[in-house]
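Beneath this line is the structure, given in structure tokens, with notes to follow.
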Amino acid sequence: MQKFIFRRARARARVWIVAHTEIGQGHEVRRDALHAEAR
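The numbering of the sequence shown is the numbering used here, which starts it at 1116 and goes up by one.
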């Protein structure tokens, strides 16, 4: 049972990552610049 939940969570995470990569590719660069400034 735990394996099934874990598999579903992984599938959901993959969809989430793909969506965020497609939508926020330009935003990702800006966020990296922000992190560099913060350091």
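Idealized CB from N, CA, C, for every residue including glycine.
Using the C-alpha atoms, what's the distance from residue j back to residue i?
i: residue 1116; j: residue 1123; result: 11 Å
i: residue 1147; j: residue 1153; result: 10 Å
i: residue 1127; j: residue 1151; result: 29 Å
i: residue 1187; j: residue 1125; result: No statement about residue 1187 is possible, as the shown extent of the chain runs from 1116 to 1154 and does not include it.
i: residue 1121; j: residue 1132; result: 16 Å
i: residue 1149; j: residue 1118; result: 38 Å
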